[in-house]
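Structure record follows, encoded as structure tokens.
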Amino acid sequence: MNAADLRSILADAEHSGAYFIDERDTGAMAETAGALDYAIVRVDLTGCDDKAGLMQRIATAGRFPEWFGGNWDALADTLRDLSWWPAPGYLFLIENAAQWRGANGGDFDTLLDILNEAAFEWARQNVAFWALLPFPGDQLTALED
18 MNAADLRSIL ADAEHSGAYF IDERDTGAMA ETAGALDYAI VRVDLTGCDD KAGLMQRIAT
78 AGRFPEWFGG NWDALADTLR DLSWWPAPGY LFLIENAAQW RGANGGDFDT LLDILNEAAF
138 EWARQNVAFW ALLPFPGDQL TALED
């Protein structure tokens, strides 16, 4: 996919959501989001063991306010707000998530639901919100099942 196509895709708020991508595309996605002046949030889950660790890493990477409660409801509320970080669009890269997903399958599904709900809310305001989860290419087919 060329840079113009990628820019067109990321600029389209109607198609925002949480998506699995090939980890080899991470750099191009981040670069394109930067060119669109999007807020880029990179969450590295290497060594993350549990939901509390996930919440801390997302809060730190996303510069969440002190009032963030560190639970699913607070995450949903915070992702739908983002008033402290105004931007024409948002790109969340949830990197190195395979181990966390394997150990926290139900919570992983909840995270995807919350990310998608936030994307749909932002799309209603015509603001792109992308949550991309890079995985090795050979694992992508299994994730879609």
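In terms of our numbering, the sequence shown is residues 18 to 162.
Backbone N, C-alpha and C fix where the C-beta goes; we use that ideal spot for every residue, glycine too.
If you draw a straight line from the alpha carbon of residue i to that of residue j, how long is it in whole angstroms?
| i | j | result |
| --- | --- | --- |
| E112 | Y55 | 18 Å |
| R74 | A21 | 32 Å |
| M72 | F85 | 9 Å |
| A4 | L150 | This structure gives no information on residue 4, because the portion of the chain shown stretches from 18 to 162. |
| A136 | P82 | 20 Å |
In this structure, how does DSSP classify residue i when only helix, strand and coil are distinguished?
| i | result |
| --- | --- |
| L132 | helix |
| D29 | coil |
| W139 | helix |
| L62 | coil |
| M39 | Note on identity: in this sequence residue 39 is Asp, with Met being the wrong assignment. DSSP places D39 in strand when its eight states are reduced to three. |
| G44 | helix |
Note the first and the last residue of the continuous alpha helix (DSSP H) segment covering residue i.
| i | result |
| --- | --- |
| D90 | 89 to 98 |
| L53 | Neither: L53 is in no alpha helix (DSSP H) and is coded neither H nor E. |
| W117 | 115 to 120 |
| G70 | 68 to 78 |
Within this structure, are the beta carbons of residue i and residue j separated by less than 8 Å?
| i | j | result |
| --- | --- | --- |
| A35 | L132 | yes |
| T43 | L108 | no |
| D124 | K68 | yes |
| F152 | S33 | no |
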